[in-house]
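Engineer: Here it is: the structure, laid out below.
2 protein chains.
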Amino acid sequence: MEHPQSQELLSMHANLCQAIADPTRIALLYELGDGPKHVSQLLETLDLPQATVSRHLKVLRERSLVKTQRDGPFVYYELADRRILDALNIMRAIHTDILSRHHQLIQSTEE
Amino acid sequence: MEHPQSQELLSMHANLCQAIADPTRIALLYELGDGPKHVSQLLETLDLPQATVSRHLKVLRERSLVKTQRDGPFVYYELADRRILDALNIMRAIHTDILSRHHQLIQSTEE
DNA sequence: TCAACATATTCGCTTATCCGGATATGTTGA
DNA sequence: TCAACATATCCGGATAAGCGAATATGTTGA
Numbered sequence: 049m050e051h052p053q054s055q056e057l058l059s060m061h062a063n064l065c066q067a068i069a070d071p072t073r074i075a076l077l078y079e080l081g082d083g084p085k086h087v088s089q090l091l092e093t094l095d096l097p098q099a100t101v102s103r104h105l106k107v108l109r110e111r112s113l114v115k116t117q118r119d120g121p122f123v124y125y126e127l128a129d130r131r132i133l134d135a136l137n138i139m140r141a142i143h144t145d146i147l148s149r150h151h152q153l154i155q156s157t158e159e
Numbered sequence: 049m050e051h052p053q054s055q056e057l058l059s060m061h062a063n064l065c066q067a068i069a070d071p072t073r074i075a076l077l078y079e080l081g082d083g084p085k086h087v088s089q090l091l092e093t094l095d096l097p098q099a100t101v102s103r104h105l106k107v108l109r110e111r112s113l114v115k116t117q118r119d120g121p122f123v124y125y126e127l128a129d130r131r132i133l134d135a136l137n138i139m140r141a142i143h144t145d146i147l148s149r150h151h152q153l154i155q156s157t158e159e
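First to last, the sequence lines map onto chains A and B.
Residue numbers for the first sequence follow the working numbering, beginning at 49 and rising by one.
Residue numbers for the second sequence follow the working numbering, beginning at 49 and rising by one.
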């Protein structure tokens with residue numbers, strides 16, 4: 049298999065991956081997996097300062113991972129592409145496996 | 049759908065995603081998608097300083113995304129879990145779609 | 001044992017990212 | 001129009017991530 053990619057494309061690819069490299073943003077994306085929500089709703093479940101959530105939403109917006117829609121005073125955020133959840137789930141599955149493998153290692157060392 | 053995750057797990061998840069948030073590491077992972085390669089082979093295709101590649105490989109190693117095997121003077125690197133390619137491909141597909149959507153926007157604005 | 005090659009690490013520096021608090025902007029109903 | 005609420009941005013300062021150059025470690029064959 050060939051994977052020739054320009055430095056430029058690689059950078060942009062990495063930039064997109066950067067968006068999911070933060071715990072708050074991962075939580076936001078999973079929250080939005082349930083459907084569109086406005087900022088106050090997100091604040092409720094995440095329990096973080098409003099400025100913090102807004103800043104992270106901006107990162108997701110800038111990278112086009114979410115889209116927004118204003119409804120009166122509220123701004124609803126929505127996933128722009130649900131495949132982002134697939135990517136996150138794969139990463140989580142890999143992570144789970146790594147953890148359980150480490151766990152096994154520790155177990156077998158202890159006995 | 050429920051996604052209750054402890055802050056701790058979210059951090060670790062993010063930490064794993066962090067690994068793919070760099071163009072050099074993405075390139076390395078795709079290179080290793082072809083099969084195990086030693087550092088000099090990776091240097092050839094990536095055309096980067098040896099220290100740089102070694103540092104990035106260390107990041108991947110620390111997060112258990114790659115495993116190593118020494119063969120004489122060479123250290124072979126190999127993907128620990130090929131699903132990482134699936135995750136990367138999804139991110140790339142999302143990125144491609146974003147780009148083409150932007151492109152369409154520009155086109156329709158110009159006309 | 002030692003020169004030569006393969007790989008890893010350290011150092012000093014620059015740049016990026018994250019945060020909380022304060023403040024600004026946008027929107028509504030009275 | 002203005003108070004009240006929703007959201008976004010700005011400002012420092014702290015922490016982390018990136019880099020190149022130099023150096024250290026590991027391995028081999030002579």
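Note that the Cβ used here is the ideal one computed from N, Cα and C, for glycine as well.
As the structure is a prediction and not an experimental result, all values here were calculated from the model.
In the DSSP assignment, the beta strand (DSSP E) including Q179 (chain B) goes from what residue to what residue?
Structural biologist: There is simply no residue 179 (chain B) to check, as chain B begins at 49 and stops at 159 in what is shown.
Engineer: By the 7 Å beta-carbon criterion, what residues does the stretch 87-103 of chain B contribute toward chain A?
Structural biologist: If the cut-off is 7 Å between Cβ atoms, the stretch 87-103 of chain B has nothing near chain A.
Engineer: Closer than 8 Å, CB to CB, is S59 (chain B) near chain A or not?
Structural biologist: Yes, S59 (chain B) lies at the interface with chain A (some Cβ there is under 8 Å from its Cβ).
Engineer: Between L64 (chain A) and L108 (chain A), what straight-line distance do the alpha-carbon atoms span, to the nearest angstrom?
Structural biologist: C-alpha separation (whole angstroms): 9 Å.
Engineer: Please tell me whether L94 (chain A) and A67 (chain A) are closer than 8 Å, where the distance is taken between their beta carbons.
Structural biologist: Contact: no.
Engineer: Residues of chain A with a CB under 7 Å from the CB of H143 (chain B): which are they?
Structural biologist: Here the neighbours are M60, H61, L64.
Engineer: Tell me the DSSP bridge mates of K106 (chain B)?
Structural biologist: Partner(s): none; K106 (chain B) has no beta bridge.
Engineer: Grouping DSSP H, G and I as helix and E and B as strand, with all else coil, what is L80 (chain A)?
Structural biologist: DSSP places L80 (chain A) in helix when its eight states are reduced to three.
Engineer: Against chain B, with Cβ distances strictly below 8 Å, would Q55 (chain A) count as a contact?
Structural biologist: Interface residue, yes.
Engineer: Would H104 (chain A) pass as a contact of H143 (chain B) if the rule is Cβ separation under 8 Å?
Structural biologist: No, the Cβ-Cβ distance between H104 (chain A) and H143 (chain B) is not below 8 Å.
Engineer: What do you get for L90 (chain B), buried or exposed, if any count of 16 or more other CB atoms within 10 angstroms of its CB means buried?
Structural biologist: When all chains shown are included, L90 (chain B) counts as buried.
Engineer: Assess, as a yes-or-no matter, whether the stretch 132-143 of chain B is touched by the stretch 131-150 of chain A under the definition of 3 or more beta carbon pairs within less than 8 Å.
Structural biologist: Result yes; three or more Cβ-Cβ pairs closer than 8 Å.
Engineer: State yes or no: is the beta carbon of R131 (chain A) nearer than 8 Å to at least one beta carbon in chain B?
Structural biologist: Output row for R131 (chain A): interface = yes.
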